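Engineer: Here's a structure for you.
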Amino acid sequence: MKRAVEIGLPVLGMLLGLAGCQKGPVAPVLHPKANGAALVESSGGRQAGFVGSPLDQPVVVQVNDAQGNGVAGALVSLTAAGDATVTPATGLTADDGTFTVNCQLGGVSGRYRIVATTWDKQGKAITLNLDEIALGYQQNLGRQLNEKYCSRCHNQESTVERVSNYDNLATKPHSFNDGNFYNTVNDADIAAIITYGGAARHQSAEMPSYGGTLSKSDVDALVSYVRAVSDPPYHEKGMTYARQ
Amino acid sequence: MPNFGFSDDEARDISAFLIAQSTKLNVPPPAVTQPAADSSGEGSSLYGESFCASCHAMQNAAGMLVGGNVGPELTRVGSKVKPEWLVSWLSNPGNWSPNTVMPHYRFDAKQLGLLARYLGSQTDSGFLAHVSLSPATQEQIDHGRRLVNERGCASCHVINGIKKPDNFAPDLTDVGSRSLAKIVFVPGVEHDLPSYLAAKIRIPHQFGSAMKMPQFTLTTTQIDALVNALLAQTERAEGLPANLRVPGTAPSDYEPAGPAGQLIADLRCFSCHSINGRGGDMAPDLSIEGSAVQRPWLVSFLKAPNTLRPALIRRMPRFNLSDKDAQTLADYILTVYQTPAFDAASLPASSFTQAQRDHGKQLFYSKYACQSCHIVDPNTDKGYIGPTLTKAGLRLNAAWIVNYLKDPEKLRPGTIEPNQHIPDEDARDLAAFLMAQTKTPKENGK
Chain A
0 MKRAVEIGLP
10 VLGMLLGLAG
20 CQKGPVAPVL
30 HPKANGAALV
40 ESSGGRQAGF
50 VGSPLDQPVV
60 VQVNDAQGNG
70 VAGALVSLTA
80 AGDATVTPAT
90 GLTADDGTFT
100 VNCQLGGVSG
110 RYRIVATTWD
120 KQGKAITLNL
130 DEIALGYQQN
140 LGRQLNEKYC
150 SRCHNQESTV
160 ERVSNYDNLA
170 TKPHSFNDGN
180 FYNTVNDADI
190 AAIITYGGAA
200 RHQSAEMPSY
210 GGTLSKSDVD
220 ALVSYVRAVS
230 DPPYHEKGMT
240 YARQ
Chain B
0 MPNFGFSDDE
10 ARDISAFLIA
20 QSTKLNVPPP
30 AVTQPAADSS
40 GEGSSLYGES
50 FCASCHAMQN
60 AAGMLVGGNV
70 GPELTRVGSK
80 VKPEWLVSWL
90 SNPGNWSPNT
100 VMPHYRFDAK
110 QLGLLARYLG
120 SQTDSGFLAH
130 VSLSPATQEQ
140 IDHGRRLVNE
150 RGCASCHVIN
160 GIKKPDNFAP
170 DLTDVGSRSL
180 AKIVFVPGVE
190 HDLPSYLAAK
200 IRIPHQFGSA
210 MKMPQFTLTT
220 TQIDALVNAL
230 LAQTERAEGL
240 PANLRVPGTA
250 PSDYEPAGPA
260 GQLIADLRCF
270 SCHSINGRGG
280 DMAPDLSIEG
290 SAVQRPWLVS
300 FLKAPNTLRP
310 ALIRRMPRFN
320 LSDKDAQTLA
330 DYILTVYQTP
340 AFDAASLPAS
350 SFTQAQRDHG
360 KQLFYSKYAC
370 QSCHIVDPNT
380 DKGYIGPTLT
390 KAGLRLNAAW
400 IVNYLKDPEK
410 LRPGTIEPNQ
420 HIPDEDARDL
430 AAFLMAQTKT
440 PKENGK
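Dropping the structure here:
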């Protein structure tokens with residue numbers, strides 16, 4: 000519907016993370032009451048959500064002065080890559096220097112770059128890049144399974160809904176977005192420890208076996224989720240050919 | 000509740016009508032002991048122990064909503080309800096609303112005083128600052144009645160003296176096949192059915208200020224989902240052959256019998272638990288609970304429930320049950336809610352040998368590392384995903400443990416305990432080890 004009308008060029012969707020294109024109604028001209036010297040992320044970067052849906056948490060950026068204190072009334076403008084949107088796309092910072100926007104992910108899985116801009120006293124643009132992750136169907140299934148079965152042990156953060164068990168473990172597992180670790184492990188090995196557990200692979204038995212609980216396609220979904228959220232990003236090796 | 004966009008006067012008149020219309024209920028006021036002035040700590044602990052938060056949310060100091068969404072948010076309830084209504088409601092909600100989901104807690108006069116004071120102090124001074132009402136006139140009341148009729152409030156609410164309207168809104172059964180010729184478009188809306196539906200849901204009154212459909216607060220994604228569902232309502236979908244339809248499960252009208260049945264109804268166990276296909280999904284299914292647990296544990300849990308599953312965020316409320324009521328409930332659960340799959344009494348704890356217990360301990364700590372999720376020895380174990388098992392031998396039946404370990408999902412549907420295909424012998428020895436765990440909390444120094 001609306002989405003299809005707005006993206007005149009389907010190519011734009013392919014340039015995820017590269018192209019920036021502003022969405023929504025043209026904002027009224029806003030007059031900044033102050034200017035900052037730096038732009039930092041408060042929260043909301045690197046979230047993962049289902050393609051085409053809004054992210055759970057808002058994206059919050061903060062404009063600071065040279066001393067690192069928040070600047071109220073500074074102009075911030077954000078653009079999202081491809082068919083992702085941020086609302087409101089422009090505005091003035093609150094009393095504590097923060098500016099809060101909601102982000103809706105685009106319709107293709109992958110990373111969406113949000114570029115936030117503010118201007119210093121000389122009118123020079125200061126930018127900040129944030130990446131958000133849109134999960135495809137299989138990756139999103141993996142995310143749901145992770146939240147139900149795995150995140151209590153694999154995620155160090157606790158939330159109101161979920162207390163982390165990470166600190167209670169004798170051997171510490173890796174967080175699924177730890178790309179420095181996971182990008183060195185192949186799919187089959189990840190699938191194997193999920194299916195057979197740590198003990199079967201001479202690792203800690205604290206990692207239970209999930210082969211009796213999860214189907215093969217569930218395990219594949221978990222692997223695809225781990226790949227999707229990895230930081231630094233995972234690049235599939237592809238086919239390797241023998242040298243002549 | 001959607002937004003009808005009423006003016007201040009319209010809201011005043013509707014409120015005048017609703018208040019004039021309400022009947023006095025003849026419930027004698029409950030006995031209440033007025034609490035001491037500095038009782039808010041006690042009141043808030045009682046609110047906590049009663050696990051009202053399993054159903055109600057309140058904003059915490061950081062402004063975050065904490066609690067369930069089965070009942071209304073209580074952050075500003077002191078600005079909403081009258082003090083005398085509040086105590087009467089808390090003493091037995093069923094007096095006011097026979098089909099309410101809220102349980103009938105057995106509060107005594109002191110507890111009622113504490114809770115009512117605590118909730119009454121949950122107010123918002125800014126909230127009512129701009130509302131000042133003079134006594135209603137007959138004209139206002141009549142105007143209110145007209146508005147309530149016109150806007151179809153009675154299609155969602157039961158209101159004294161107002162009939163539920165028939166055919167208040169258009170039938171949507173075939174809306175997905177509606178011909179575009181029958182639709183009046185407004186400027187700015189694409190001439191196709193999906194765009195029309197989305198625009199109508201987003202801002203109903205843009206199609207005419209006399210339109211009666213109220214404004215809902217929906218996100219773009221929710222509107223997209225609704226449009227998709229409506230587009231599927233086509234003539235073709237109606238004519239689908241029976242073998243392509245997925246039948247929904249018929250709601251169960253299961254009704255437990257006798258005095259225990261009355262207690263289960265009065266305490267609203269079904270609001271949270273499901274039994275034999277009826278009830279909520281907030282709490283564990285109780286259909287075969289009688290095979291799992293031992294009587295003394297069950298009686299004491301019903302009287303003073305404690306945390307079982309750390310992974311759950313909702314808890315069993317303390318209803319202040321009498322010994323007799325707790326025993327009636329426990330006996331009913333133990334005799335009626337049994338699984339036919341195995342005999343719960345078939346494996347007495349006395350049948351285990353020390354060798355089995357020792358082997359079980361080794362399996363628990365080494366082969367399966369169950370301490371990653373459970374605590375048996377609070378001095379060394381830290382796992383906090385599954386229930387604390389320090390007193391597993393006082394709570395569970397050995398036959399249940401064995402069957403549970405072989406296939407956890409079968410006995411506790413939806414559980415996050417992984418099925419590790421534990422062989423019979425290992426399951427038996429693990430059960431032997433767990434049945435030996437009978438320490439009371441005092442003995443572990445808690």
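Protein chains in written order, with numbering that gives the first Met the number 0: chain A, 0 to 243; chain B, 0 to 445.
Built from N, CA and C at the ideal position, the CB exists for glycine as well.
This one's a predicted model, so the numbers in the text were calculated from it and none came from an experiment.
If the cut-off is 9 Å on Cβ atoms, which residues from the region 27 to 43 of chain B count as contacting chain A, listed in chain order?
Structural biologist: none
Engineer: Taking B:PRO309 as the query, report the chain A residues whose CB atoms sit under 7 Å from its CB, ordered along the chain.
Structural biologist: Taking the second sequence and counting its residues from 1, one reaches residue 309 of chain B at position 310. Correct list: VAL162.
Engineer: Could you tell me the alpha carbon to alpha carbon distance between B:ALA435 and A:ARG226, rounded to whole angstroms?
Structural biologist: Here residue 435 of chain B refers to the residue found at position 436 when the second sequence is read from its first residue. Here residue 226 of chain A refers to the residue found at position 227 when the first sequence is read from its first residue. One C-alpha to the other measures close to 44 Å.
Engineer: Under 8 Å, Cβ to Cβ, is there at least one residue of chain B near A:GLY105?
Structural biologist: By 1-based counting over the first sequence, the position of residue 105 of chain A is 106. Look at A:GLY105: its C-beta is not under 8 Å from any C-beta on chain B.
Engineer: If the cut-off is 8 Å on Cβ atoms, which residues from the region 371 to 395 of chain B count as contacting chain A, listed in chain order?
Structural biologist: SER371, CYS372, LYS381, GLY382, TYR383, ILE384
Engineer: From B:GLN20 to B:ASN159, what does the alpha carbon distance come to, in whole angstroms?
Structural biologist: For the purposes of this step, residue 20 of chain B is identified with residue 21 of the second sequence, where counting begins at 1. For the purposes of this step, residue 159 of chain B is identified with residue 160 of the second sequence, where counting begins at 1. If I take the Cα positions, the gap works out to 6 Å.
Engineer: Per DSSP, what are the beta-bridge partners of A:THR194 in this structure?
Structural biologist: Working through the first sequence from its first residue, we reach residue 194 of chain A at position 195. DSSP, once it has assigned bridges, lists no residue as partnering A:THR194.
Engineer: Counting C-beta neighbours from all protein chains within 10 Å, is the total for A:ALA47 16 or more, i.e. buried, or is it exposed?
Structural biologist: The sequence position of residue 47 of chain A within the first sequence is 48, counting from 1. A:ALA47 comes out buried.
Engineer: Are the C-beta of B:LEU418 and some C-beta of chain A separated by less than 8 Å?
Structural biologist: Numbered from its first residue, the second sequence carries residue 418 of chain B at position 419. A quick correction: the sequence has Asn, not Leu, at residue 418 of chain B. By this cut-off, B:ASN418 is an interface position.
Engineer: Considering only C-alpha positions, which residue in the set B:LEU114, B:THR414, B:LEU429 is nearest to B:ILE400?
Structural biologist: As a working mapping, residue 400 of chain B is identified with position 401 in the second sequence. If we check each option's Cα against that of B:ILE400, B:LEU429 comes out closest.
Engineer: Can you find a CB in chain A that lies within less than 8 Å of the CB of B:TYR367?
Structural biologist: For the purposes of this step, residue 367 of chain B is taken as the residue at position 368 of the second sequence. Yes, because at least one Cβ of chain A sits closer than 8 Å to the Cβ of B:TYR367.
Engineer: Are the CB atoms of B:ASP380 and B:GLN370 within a distance shorter than 8 Å?
Structural biologist: Reading the second sequence from its first residue, position 371 is the one you call residue 370 of chain B. Reading the second sequence from its first residue, position 381 is the one you call residue 380 of chain B. A contact, by the Cβ cut-off of 8 Å.
Engineer: Three-state secondary structure (DSSP) at A:ASN167?
Structural biologist: Within the first sequence, numbered from 1, the residue matching residue 167 of chain A stands at position 168. A:ASN167 falls in the helix class under three-state DSSP.
Engineer: Expressed to the nearest angstrom, what Euclidean distance is found between the alpha-carbon atoms of A:LEU168 and B:MET281?
Structural biologist: Against the first sequence, residue 168 of chain A aligns to sequence position 169. Against the second sequence, residue 281 of chain B aligns to sequence position 282. Computed Cα separation, rounded: 28 Å.
Engineer: Going by CA-CA distance only, name the one from B:PRO92, B:ILE415, B:MET212, B:PRO377 that's closest to A:GLU146.
Structural biologist: Here residue 146 of chain A corresponds to residue number 147 of the first sequence, with the count starting at 1. Minimum Cα distance to A:GLU146 is reached at B:ILE415.
Engineer: With a cut-off of 8 Å, do at least 3 Cβ pairs link the region 203 to 213 of chain A to the region 111 to 128 of chain A?
Structural biologist: no
Engineer: Is it buried or exposed, B:ALA35, if we count other Cβ atoms within 10 angstroms and call 16 or more buried?
Structural biologist: Counting from one through the second sequence, the residue named residue 35 of chain B turns up at place 36. In summary, B:ALA35 is exposed, with fewer than 16 beta-carbon neighbours lying within 10 Å of its beta-carbon over all protein chains present.
Engineer: Helix, strand or coil: which one does DSSP assign to B:TRP88?
Structural biologist: By 1-based counting over the second sequence, the position of residue 88 of chain B is 89. Here B:TRP88 sits in helix by DSSP.
Engineer: Among B:LEU362, B:ALA343, B:PHE363, which residue has its Cα nearest to the Cα of B:LEU395?
Structural biologist: Locating residue 395 of chain B in the second sequence gives position 396, where the first residue counts as 1. It is B:ALA343.
Engineer: Residues of chain B with CB under 7 Å from A:ARG200, in chain order?
Structural biologist: As a first step, residue 200 of chain A is located in the first sequence; it is residue number 201 there, counting from the start. Chain B residues near A:ARG200: none, gap ~13 Å exceeds 7 Å.
Engineer: Can you find at least 3 beta carbon pairs, one from the region 231 to 239 of chain B and one from the region 170 to 179 of chain B, that sit closer than 8 Å?
Structural biologist: Flag = yes, the region 231 to 239 of chain B and the region 170 to 179 of chain B touch.
Engineer: Over the uninterrupted beta strand (DSSP E) stretch that includes A:PHE180, give me the two end residues.
Structural biologist: Within the first sequence, the letter at position 181 stands for residue 180 of chain A. From DSSP, A:PHE180 is part of no beta strand (DSSP E) but of the alpha helix (DSSP H) over 178 to 181.
Engineer: Is it right to say B:ARG145 is buried, meaning 16 or more other beta carbons lie within 10 angstroms of its own, or is it exposed?
Structural biologist: Residue mapping note: residue 145 of chain B aligns to position 146 of the second sequence, counting from 1. Exposed, because fewer than 16 other Cβ atoms sit within 10 Å of the Cβ of B:ARG145.
Engineer: If you count every other CB in all the chains shown that lies within 10 Å of the CB of B:MET57, and 16 or more means buried, which is it?
Structural biologist: Translated into the one-based positions of the second sequence, residue 57 of chain B becomes position 58. Burial of B:MET57 is indicated by the presence of at least 16 other C-beta atoms within 10 angstroms of its C-beta.
Engineer: Can you pull the chain A residues whose beta carbon is under 9 Å from the beta carbon of B:ILE415, in chain order?
Structural biologist: Start at 1 with the first residue of the second sequence, and residue 415 of chain B comes out as number 416. Those are LYS147, TYR148, ARG151, THR212, listed as they occur along chain A.
Engineer: Helix or strand or just coil, what does DSSP make of B:SER178?
Structural biologist: Within the second sequence, residue 178 of chain B is the residue found at index 179, counting from 1. In this structure, B:SER178 counts as coil in the three-state DSSP scheme.
Engineer: Using 8 Å as the threshold, is the C-beta distance between B:TRP95 and B:LEU24 below it?
Structural biologist: Residue numbering aside, residue 95 of chain B sits at position 96 when the second sequence is read from its first letter. Residue numbering aside, residue 24 of chain B sits at position 25 when the second sequence is read from its first letter. Cβ distance < 8 Å, so B:TRP95 and B:LEU24 count as in contact.
Engineer: Residues of chain A with CB under 7 Å from B:ILE312, in chain order?
Structural biologist: Here residue 312 of chain B is taken as the residue at index 313 of the second sequence, counted from 1. For B:ILE312, the residues of chain A that pass the 7 Å Cβ criterion are GLU160, in the order they occur in the chain.
Engineer: Looking at the structure shown, is B:GLN419 part of a helix, part of a strand, or coil, going by DSSP?
Structural biologist: Within the second sequence, the letter at position 420 stands for residue 419 of chain B. In this structure, B:GLN419 counts as coil in the three-state DSSP scheme.
Engineer: Mind pulling the chain A residues with CB within less than 8 Å of B:VAL401?
Structural biologist: Counting from 1 along the second sequence, the entry for residue 401 of chain B is found at position 402. The premise fails here: B:VAL401 is roughly 16 Å from chain A at the closest Cβ pair, so nothing lies under 8 Å.
Engineer: Kindly indicate the opening and closing residues of the alpha helix (DSSP H) around A:VAL228.
Structural biologist: In the first sequence, residue 228 of chain A corresponds to position 229, counting from 1. For A:VAL228, the enclosing alpha helix (DSSP H) has its first and last residue at 215 to 228.
Engineer: Identify the contact partners of B:VAL65 in chain A, using a Cβ-Cβ distance below 9 Å as the criterion.
Structural biologist: As a working note, residue 65 of chain B is residue 66 in the second sequence. Going along chain A in sequence order, the residues near B:VAL65 (Cβ under 9 Å) are VAL159.
Engineer: So B:VAL100 and B:ARG267 are supposed to be a Cβ contact under 8 Å. How far apart are they, rounded?
Structural biologist: For the purposes of this step, residue 100 of chain B is taken as residue 101 along the second sequence, with counting starting at 1. For the purposes of this step, residue 267 of chain B is taken as residue 268 along the second sequence, with counting starting at 1. Rounded, the Cβ-Cβ distance is 6 Å, consistent with contact.
Engineer: Which whole-angstrom value is the C-beta distance of A:LEU77 and A:ALA93, which I expect to be below 8 Å?
Structural biologist: Residue numbering aside, residue 77 of chain A sits at position 78 when the first sequence is read from its first letter. Residue numbering aside, residue 93 of chain A sits at position 94 when the first sequence is read from its first letter. Not confirmed; about 15 Å, so no contact.
Engineer: Closest Cβ-Cβ distance between B:THR74 and chain A: below 8 Å?
Structural biologist: Counting from 1 along the second sequence, the entry for residue 74 of chain B is found at position 75. Taking Cβ atoms only, chain A never reaches closer than 8 Å to B:THR74, which makes this a no.
Engineer: Would you kindly work out how many angstroms separate the C-alpha atoms of B:GLY289 and B:TYR331, rounded to a whole number?
Structural biologist: To locate residue 289 of chain B, count along the second sequence from 1; it is residue 290. To locate residue 331 of chain B, count along the second sequence from 1; it is residue 332. Those two C-alpha atoms are separated by around 8 Å.
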